[in-house]
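Quick notes on the structure that follows.
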Amino acid sequence: MHSTPGYAEKIKIITLNCWGVFFKPWTVQKDVRIEAIAEMLRKCDCDIIFLQEVWVQNDFEKIKTALSSTHPYSVKFYAQVILLIFKLFPPAILLPKFETDWPAGKSMGYASTVTPAGFRLNLYNTHTHARYKLKHEDDPVEGHRLTQAIELMEFVRASAGSADAIFIAGDLNLEPYTTAIRLLKRSLGLKDAWLDQTARHPVTNLELMEFEGATCERADCPYANKKWTKHYGNGVRLDYVFYRPGVVENGLSSVTIECEHCQVKMSEVPSNPGLFYSDHALVTGEFIIRRHENPVPEENPPVNSEEPLETLLIEADNVIKKQVQMENKKKLIYLVIAPILIVAFLVFGTAVPVCHPAYKFFSSLVLMLAGAGNFALIWGNAIGRPCIMSSLRNAKSIIWNQLAEFINQPKNY
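Counted from 1, the sequence shown has number 193 at position 193 by UniProt numbering; the numbering is strictly sequential.
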C-alpha cells in the first residue's frame, strides 16, 4: 500500500534515554522512574516512541504491558538496550543488531514500518558510546564515536531509498558542534527537529536555540553533574530527532516532511515531586508528511547546513588519524606492561619461598591480578584492538571515498 499524491499525514515522535542502568549506585530510583515513564508514555499521543537504556528485561516488559492497549507493537534491540514502540502500525522489516567498532555493540537498531496512510518509514534508533571526559580534547574515544556516526551514515545512505521518509532519533552522545554530528547531517542532508521546526522558523539566534535545547546535564535536573552544567551553561544537547525524505535526487523528492513543532522538556513526575523521569530530557516532534504528484524541491534547507562537505570530511579524517595514533600508543603501553606482569607472576609464583600466611595470601592475590591483567592485555591486543583498528580504517576509507569527489585520493591512507 502506498499513499496517494496530494495526501498528507501527521506523525508524532518521542525519544527518551530512560537511564535504566541495572547497577543501583549508577542510577536513582530506577524502578519507580520506569513505572512513571511507562505511565507517561501510555497517556501520550505519540505514534512512534524511541527509547534508550532500557537495560533490564523486566523493565521492558513493564513498559510493554503498560502500553499494550495504546501502543500494541514493540521491538527490542537486545544488544543496544534500545527499543521502538508503535501506536497503530506494526514493524515490517527489522535489523535487530547493527554493531560498530565498540565491543558493547551499541550503535543503532533499525526497523521499517508502513503508516495507515501508506507512507513507508525507515526508523533508526541510536545510542552511541558515552563521553566521560568534560573536554573533547581529553576524550579517549572521540574517534570511536565518530566511527559509529560514519558507519550509521553509510547504513542510512544504503537503506534510505526503500522508504518515503526516514527518522534517526535517540541519544547520540554528541553535541551539535562535533565533527560527527555536522558530518552526519551534512552528508545525508538531514533536518534537525529542534532547529528546523516551523513553529520557530526562521532561526535568528542559533546559539540561543542550542542553549534552550540542552537535553542532558541541565541546570533544572537534580541528577545532573554540576561540573558539566557549570562548564556548558545549561548542559549539553545529546538527544535528537533527525529526518528527511527517503529518496532525494538532485534536490527533488516526491515526498516532503515538515516538523511543525518540537519540544525539549526536562519533566518531573507529577505524582512524585522531586523525582524526574530521567537524567535526559524528553524530545518530542510533530511532523507532517506529504506526497506530491511530481518531485518538488525542499522549501527550506536545513538550518546551519552551509558548511562545505569537503571541509567536514578532512576534519573527520584528522579525528580518525588522532584516534589511530592513540590506539597505537595504547598498544605499545600494553606491550610494555605485559612483561612486567609476567615477571611479577613468576617471582611471586615460584622464585620467592612462602614462609608466612599473610605473604601467601598476598602472593596469591598478586598472582591472580597479574594473570587476569595479562589475559586482558593479550586479549585486548590480539583480538579487541585489531577489531577497533579495522573499524577505524574502514571509517577512514569511507571518508576518502567521499573525498575522492573533491581531491585525488592518496596512495596510502
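Backbone N, C-alpha and C fix where the C-beta goes; we use that ideal spot for every residue, glycine too.
C-beta contact flag for residue i and residue j at 8 Å
i: Arg-182; j: Glu-307; result: yes
i: Met-266; j: Cys-221; result: yes
i: Arg-291; j: Pro-5; result: yes
i: Arg-33; j: Tyr-223; result: no
i: Asp-192; j: Thr-215; result: no
i: His-136; j: Gln-323; result: no
i: Cys-259; j: Gly-285; result: yes
i: Cys-18; j: Val-75; result: no
i: Ala-199; j: Leu-174; result: no
i: Asp-47; j: Ile-11; result: yes
i: Glu-210; j: Arg-237; result: yes
i: Pro-245; j: Thr-256; result: yes
i: Glu-151; j: Val-319; result: no
i: Ile-63; j: Ala-38; result: yes
i: Arg-42; j: Thr-70; result: yes
i: Leu-123; j: Arg-157; result: no
i: Ile-399; j: Glu-327; result: no
Start-to-end residues for the alpha helix (DSSP H) that takes in residue i
i: His-231; result: 226-232
i: Leu-16; result: Per DSSP, Leu-16 belongs to no alpha helix (DSSP H); it is in the beta strand (DSSP E), 8-20.
i: Phe-287; result: That residue, Phe-287, is in no alpha helix (DSSP H); its beta strand (DSSP E) goes 282-297.
i: Lys-43; result: 30-43
i: Val-156; result: 142-159
i: Asp-59; result: 57-66
i: Leu-206; result: 206-212
Residues sharing a beta bridge with residue i, DSSP
i: Lys-191; result: Tyr-243
i: Pro-91; result: Thr-113
i: His-127; result: Asp-171
i: Ala-165; result: Leu-121 and Pro-245
i: Cys-221; result: DSSP lists no partner for Cys-221.
i: Glu-268; result: Phe-276
i: Lys-76; result: Leu-83
i: Cys-387; result: Note: Cys-387 sits in no beta bridge, so no partner.
For residue j and residue i, the rounded distance between their alpha carbons
i: Ile-289; j: Ala-163; result: 12 Å
i: Lys-227; j: Phe-77; result: 33 Å
i: Trp-194; j: Phe-406; result: 31 Å
i: Gly-161; j: Thr-128; result: 24 Å
i: Asp-139; j: Ala-165; result: 34 Å
i: Phe-242; j: Ile-168; result: 5 Å
i: Leu-403; j: Gln-29; result: 48 Å
i: Asn-401; j: Leu-313; result: 10 Å
i: Glu-268; j: Asp-45; result: 18 Å
i: Ser-364; j: Ile-378; result: 21 Å
i: Ser-254; j: Pro-176; result: 29 Å
i: Ile-333; j: Glu-298; result: 52 Å
i: Val-361; j: Ile-340; result: Before going further, note that residue 361 is Phe rather than Val in the sequence given. Roughly 21 Å separates the two Cα atoms.
i: Leu-121; j: Thr-115; result: 8 Å
i: Leu-282; j: His-201; result: 21 Å
i: Asp-196; j: Pro-270; result: 30 Å
i: Asp-317; j: Leu-184; result: 14 Å
i: Glu-61; j: Phe-89; result: 20 Å
i: Tyr-110; j: Leu-84; result: 9 Å
Limits of the unbroken beta strand (DSSP E) element including residue i
i: Cys-262; result: 252-265
Exposure of residue i, with buried meaning 16 or more beta-carbon neighbours within 10 Å
i: Phe-50; result: buried
i: Gln-57; result: exposed
i: Phe-23; result: exposed
i: Met-368; result: exposed
i: Pro-301; result: exposed
i: Gly-251; result: exposed
i: Leu-134; result: exposed
i: Ser-112; result: buried
i: His-280; result: buried
i: Arg-186; result: buried
i: Tyr-132; result: exposed
i: Cys-262; result: buried
i: Leu-392; result: buried
Any chain D beta carbon closer than 8 Å to residue i
i: Asn-173; result: Of the protein chains in this structure there is only one, and it is not chain D.
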